[in-house]
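K.L.:
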Ligand SMILES: [Zn+2]
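Numbering (this note's numbering), first residue to last: 191 to 363.
#1: Answer yes or no: do residue 214 and residue 244 have a C-beta to C-beta separation smaller than 8 angstroms?
#2: Return the chain-ordered list of same chain residues with a C-beta closer than 8 angstroms to the C-beta of residue 327, the five sequence neighbours on each side being excluded.
#3: Closer than 5 angstroms between the C-beta and any heavy atom of ligand 1: which residues qualify, listed along the chain?
#4: Quick one, which of 260, 248, 211 has its alpha-carbon nearest residue 236's?
#5: Relative to the C-alpha of residue 218, which candidate in 205, 303, 242 has its C-alpha closest?
#6: Please tell me whether residue 305 and residue 294 are closer than 8 angstroms, where the distance is taken between their beta carbons.
#7: Taking the alpha-carbon positions, what's the residue 265 to residue 273 distance?
#8: Can you give the Cα-Cα distance for residue 296 and residue 321, rounded to whole angstroms?
#9: Enumerated in chain order, which unbroken segments of the beta strand (DSSP E) with a length of 3 residues or greater are wholly contained in the segment 195-243?
#10: Once the 5 residues before and after residue 310 are set aside, which same chain residues still bring their CB inside 6 angstroms of it?
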């Protein structure tokens, strides 16, 4: 039994299920799956993925049905401000000892590793174009600075090193 605060495992022992086709097992747990990120959004570090699944044994293998819930964060596609959201994804996935690439998942002899399925399901459901608000008008310097305002020193800038003048003439393109 995991200690309090410890994320649950994604590896399910299925030896008993195998012997009794038709049996079902509820699978409710929250797991830590590091590195869930696409270029537009990610699951914040340390946040857990919530599994609410039912595992059913069928002659061909096992079927996992239910939902995955997770939090995500990413920049608004228009104003770049930080956007956070939650997603709930319905799924029905099949696990087989000889999986079909891109269609079903690998079922081990005694263990069923849910991680590849959970990882891919989250990745393909992360938002590709987060939006802070349907009414977002995009970069508006006063309200949504696309680049954080710089803290300019109040006092006069120190005298410029004359050698820099030479750099001004170079095309650093
Ligand atoms: Zn926005």
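Beta carbons: idealized from backbone N, C-alpha and C, even for Gly.
Owing to the predicted nature of the structure, the values given are computational and were not obtained by experimental measurement.
P.N.:
Straight from the coordinates:
#1: Position 24 of the chain shown, counted from the start, is the residue given in the question as residue 214. Position 54 of the chain shown, counted from the start, is the residue given in the question as residue 244. When the beta-carbon positions are compared, residue 214 and residue 244 come within less than 8 angstroms of each other.
#2: Within the chain shown, the letter at position 137 stands for residue 327. Its chain contains 268, 269 as the residues whose beta carbon lies nearer than 8 angstroms to that of residue 327, once the 5 sequence neighbours on both sides are disregarded; these appear in chain order.
#3: For ligand 1, the selected residues are 266, 268, 269, 322, 326.
#4: Counting from one through the chain shown, the residue named residue 236 turns up at place 46. Nearest C-alpha to residue 236: 260.
#5: For the purposes of this step, residue 218 is taken as residue 28 along the chain shown, with counting starting at 1. For residue 218, the nearest C-alpha among the options comes from 242.
#6: Position 115 of the chain shown holds residue 305. Position 104 of the chain shown holds residue 294. No; because the gap between Cβ atoms is not below 8 angstroms, this pair is not in contact.
#7: Counting from 1 along the chain shown, the entry for residue 265 is found at position 75. Counting from 1 along the chain shown, the entry for residue 273 is found at position 83. Distance between residue 265 and residue 273, taken at the CA atoms: about 6 angstroms.
#8: Here residue 296 refers to the residue found at position 106 of the chain shown. Here residue 321 refers to the residue found at position 131 of the chain shown. C-alpha of residue 296 to C-alpha of residue 321: approximately 36 angstroms in a straight line.
#9: DSSP runs (the beta strand (DSSP E)) wholly in the segment 195-243: 201-203, 214-221.
#10: Within the chain shown, numbered from 1, the residue matching residue 310 stands at position 120. None.
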